[in-house]
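Read the structure below first, then the notes.
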Amino acid sequence: AAGIHSGDSACSLPPYSLSQAQCAALTEQVEKLAKGLNVVGLMNTQFAIKGDEIYVIEVNPRAARTVPFVSKATGVSLAKVAARCMAGKSLADQGVQSVPIPSFFSVKESVFPFGKFPGVDPLLGPEMKSTGEVMGSGRTFGEAFYKATLAASVNLPTSGTALLSVRDSDKPGIVDVARQLVENGFDVVATTGTLAVIKAAGVPVRPINKLLQGQPHILDAIKNNELSLIVNTTAGDQTIEDSVYIRREALGRKIPYSTTLAGAAAICQALKSSAEGPVYRLSDLHEEMT
Numbered sequence: 045a046a047g048i049h050s051g052d053s054a055c056s057l058p059p060y061s062l063s064q065a066q067c068a069a070l071t072e073q074v075e076k077l078a079k080g081l082n083v084v085g086l087m088n089t090q091f092a093i094k095g096d097e098i099y100v101i102e103v104n105p106r107a108a109r110t111v112p113f114v115s116k117a118t119g120v121s122l123a124k125v126a127a128r129c130m131a132g133k134s135l136a137d138q139g140v141q142s143v144p145i146p147s148f149f150s151v152k153e154s155v156f157p158f159g160k161f162p163g164v165d166p167l168l169g170p171e172m173k174s175t176g177e178v179m180g181s182g183r184t185f186g187e188a189f190y191k192a193t194l195a196a197s198v199n200l201p202t203s204g205t206a207l208l209s210v211r212d213s214d215k216p217g218i219v220d221v222a223r224q225l226v227e228n229g230f231d232v233v234a235t236t237g238t239l240a241v242i243k244a245a246g247v248p249v250r251p252i253n254k255l256l257q258g259q260p261h262i263l264d265a266i267k268n269n270e271l272s273l274i275v276n277t278t279a280g281d282q283t284i285e286d287s288v289y290i291r292r293e294a295l296g297r298k299i300p301y302s303t304t305l306a307g308a309a310a311i312c313q314a315l316k317s318s319a320e321g322p323v324y325r326l327s328d329l330h331e332e333m334t
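Numbering (our numbering), first residue to last: 45 to 334.
Below, the structure written as structure tokens:
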């Protein structure tokens, strides 16, 4: 996940998958970095967390595309505050003591142009491919993520058949995804290795062939409109090359497709929300927060 360009990633405010201790550690490190580098104004910092270890990816004394998202989510115009700081006006003079932590969730999702370019591989990497961003807000992370995907023109299915095929390192985590999909009314099909793990956990699942295993296989199922959701994670150049045809065909048929386990888990959270849910005005949410 750390290899995907930050401009292409979705993000949540407040974080929904980090502990309070991790958030506190990140805050402390950012403060020390800003003071150590003598940055006045905006600073873009990217971290990666593996286990209990926090790694600094990069620190840039500049704004980022996340600034307007954070401003909308918190109700604080960060660009205006930062510009005044750079002009010599302190935070205390501006009456800004801290940035509030919202009591609701906001999710930023990226918008991609893949549908306009037939034959392109939608797999993400270090090169930014998105052409825009949208935002969704809700009482829960799932509701906010659902609204963000709708704004990005991705219509998550509420039923049908979900294909699960993941790399070895994701197999322990795919069981919970499969279980949640079944609980949400989906049928689940999986390739050999993924199938074995899901079946061993007692979750209903049916087999499906990979392309090299002969027909009928995954590509046939996509072309026959038998799949409504695909979760496929890869590891290594060969598996990426072998699965590019699946991604392209799914893209052409507008089948929601997740290439990460985190993305699949977020989809499961979104499916618990309803597209018919309430629409909030940000001003109302901010008033409730204060």
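Yeah, the Cβ is synthetic: ideal placement off N, Cα and C, and Gly gets one too.
Nothing here was measured: the structure is a model prediction, and the numbers come from that model.
Quiz item: Just how far apart, CA to CA, sit Y190 and I311?
Solution: On the sequence shown, position 146 is the one that residue 190 refers to. On the sequence shown, position 267 is the one that residue 311 refers to. Roughly 8 Å between the two C-alpha positions.
Given a cut-off of 9 Å on the beta-carbon distance, is the pair P340 and P58 in contact? The chain is shown only over 45 to 334; residue 340 falls outside these bounds and no answer can be derived.
Review point. A279 and L271: beta carbons closer than 9 Å?
Key: On the sequence shown, position 235 is the one that residue 279 refers to. On the sequence shown, position 227 is the one that residue 271 refers to. Their beta carbons are not under 9 Å apart, which means A279 does not touch L271 by this criterion.
- prompt: With distances taken between CB atoms, is the gap from F148 to S56 smaller than 9 Å?
  reply: Your numbering for residue 148 matches position 104 in the sequence shown. Your numbering for residue 56 matches position 12 in the sequence shown. Cβ distance not < 9 Å, so F148 and S56 don't count as in contact.
Next item on the list: Between the Cα of G163 and those of L70, R297, V111, spot the shortest distance and give me the residue it belongs to.
Entry: Within the sequence shown, numbered from 1, the residue matching residue 163 stands at position 119. Nearest of L70, R297, V111 to G163, Cα basis: R297.
**Item:** For V84, the three-state DSSP class (helix, strand or coil)
**Value:** Along the sequence shown, read from residue 1 onward, the residue named residue 84 stands at position 40. Here V84 sits in coil by DSSP.
With DSSP collapsed to three states, give me the class of T175. Reading the sequence shown from its first residue, position 131 is the one you call residue 175. Reduced to three states, the DSSP call for T175 is coil.
If you pair each beta-carbon of the stretch 195 to 209 with each one of the stretch 229 to 245, do three or more pairs fall below 8 Å?
Flag = yes, the stretch 195 to 209 and the stretch 229 to 245 touch.
When L263, V275, N228 are compared against T238, the one with the closest alpha-carbon | For the purposes of this step, residue 238 is taken as residue 194 along the sequence shown, with counting starting at 1. It is V275 whose Cα lies nearest to the Cα of T238.
Output the boundary residues of the alpha helix (DSSP H) element that contains T238. Indexing the sequence shown from 1 puts residue 238 at position 194. In the DSSP assignment, T238 falls within the alpha helix (DSSP H) that extends over 236 to 244.
ask   = Taking the alpha carbon of V103 as the point to measure from, which residue in M87, L168, V151 has its own alpha carbon closest?
value = Residue 103 sits at position 59 when you count from the first residue of the sequence shown. Measuring from the Cα of V103, the nearest candidate turns out to be M87.
Do you know whose CA, among L81, L135, V323, P260, lies nearest A192's CA? Locating residue 192 in the sequence shown gives position 148, counting from the first residue. Comparing Cα positions, the closest option is V323.
message: Looking at K152: is its Cβ nearer than 9 Å to the Cβ of D52?
response: Position 108 of the sequence shown, counting from 1, holds the residue named residue 152. Position 8 of the sequence shown, counting from 1, holds the residue named residue 52. No, the pair does not count as a contact, with Cβ atoms beyond the cut-off.
Given a cut-off of 9 Å on the beta-carbon distance, is the pair K124 and S150 in contact? Within the sequence shown, the letter at position 80 stands for residue 124. Within the sequence shown, the letter at position 106 stands for residue 150. With respect to S150, K124 sits apart: the two C-beta atoms are not nearer than 9 Å.
From this set, I299, E97, I98, P112, which residue's C-alpha is nearest P166's C-alpha?
The residue you call residue 166 lines up with position 122 of the sequence shown. Ranking the options by Cα distance to P166, first place goes to I299.
message = Please classify L135 as buried or exposed, where buried requires at least 16 neighbouring CB atoms within 10 angstroms.
response = The residue labelled residue 135 in the question sits at position 91 within the sequence shown. It is exposed - the Cβ of L135 has fewer than 16 other Cβ atoms within 10 Å.
Out of F230, L256, L263, N199, state which residue places its alpha-carbon closest to the alpha-carbon of S249.
By one-based count along the sequence shown, residue 249 stands at place 205. Correcting the residue type first, residue 249 is Val in the shown sequence and not Ser. Closest option to V249, Cα to Cα, is F230.
Helix, strand or coil, according to DSSP, for K76 in the structure here? One-based indexing of the sequence shown puts residue 76 at position 32. Secondary structure at K76: helix, using DSSP grouped into helix, strand and coil.
Exercise. Which of the three DSSP states, helix, strand or coil, is assigned to Y289?
Worked result: One-based indexing of the sequence shown puts residue 289 at position 245. Correct three-state label for Y289: helix.
Tell me whether G80 is buried or exposed, calling it buried when 16 or more other Cβ atoms sit within 10 Å of its Cβ. As a first step, residue 80 is located in the sequence shown; it is residue number 36 there, counting from the start. Around the beta carbon of G80, a 10 Å sphere encloses fewer than 16 other beta carbons of the protein chains shown; the residue is thus reported as exposed.
Mind checking who Q90 pairs with in its DSSP beta bridge? Residue mapping note: residue 90 aligns to position 46 of the sequence shown, counting from 1. E102.
By the DSSP assignment, the alpha helix (DSSP H) with G204 in it spans what residues?
Position 160 of the sequence shown, counting from 1, holds the residue named residue 204. Element bounds for G204: not the alpha helix (DSSP H) but the beta strand (DSSP E), 204 to 209.
What does DSSP give as the partner residue(s) for Q251 in the beta ladder? Locating residue 251 in the sequence shown gives position 207, counting from the first residue. The sequence shown places Pro at residue 251, not Gln. Looking at the DSSP assignment, P251 forms a beta bridge with A234.
- Message: Can you give me the C-alpha to C-alpha distance between D137 and Q66, rounded to a whole angstrom?
- Response: Your numbering for residue 137 matches position 93 in the sequence shown. Your numbering for residue 66 matches position 22 in the sequence shown. One C-alpha to the other measures close to 30 Å.
Sort out for me which residues DSSP pairs V151 with in a bridge. Locating residue 151 in the sequence shown gives position 107, where the first residue counts as 1. In the DSSP output, where bridge partners are listed per residue, V151 has S56, G180.
- Query: Skipping 5 residues on each side, what residues in its chain have a beta carbon closer than 6 Å to that of K243?
  - Reply: Here the question's residue 243 lines up with position 199 in the sequence shown. For K243, where only same-chain residues beyond five positions count, the Cβ hits under 6 Å are V249.
* Asked: According to the neighbour-count rule (16 or more other Cβ atoms, all chains shown, within 10 Å of its Cβ), is L168 buried or exposed?
  -> One-based indexing of the sequence shown puts residue 168 at position 124. With a 10 Å radius around the Cβ and a threshold of 16 neighbouring Cβ atoms, L168 comes out buried.
Checking 9 Å against the spacing of the C-beta atoms, do T283 and T304 come in under that value? Along the sequence shown, one-based indexing puts residue 283 at 239. Along the sequence shown, one-based indexing puts residue 304 at 260. Between T283 and T304, the C-beta spacing is not below 9 Å.
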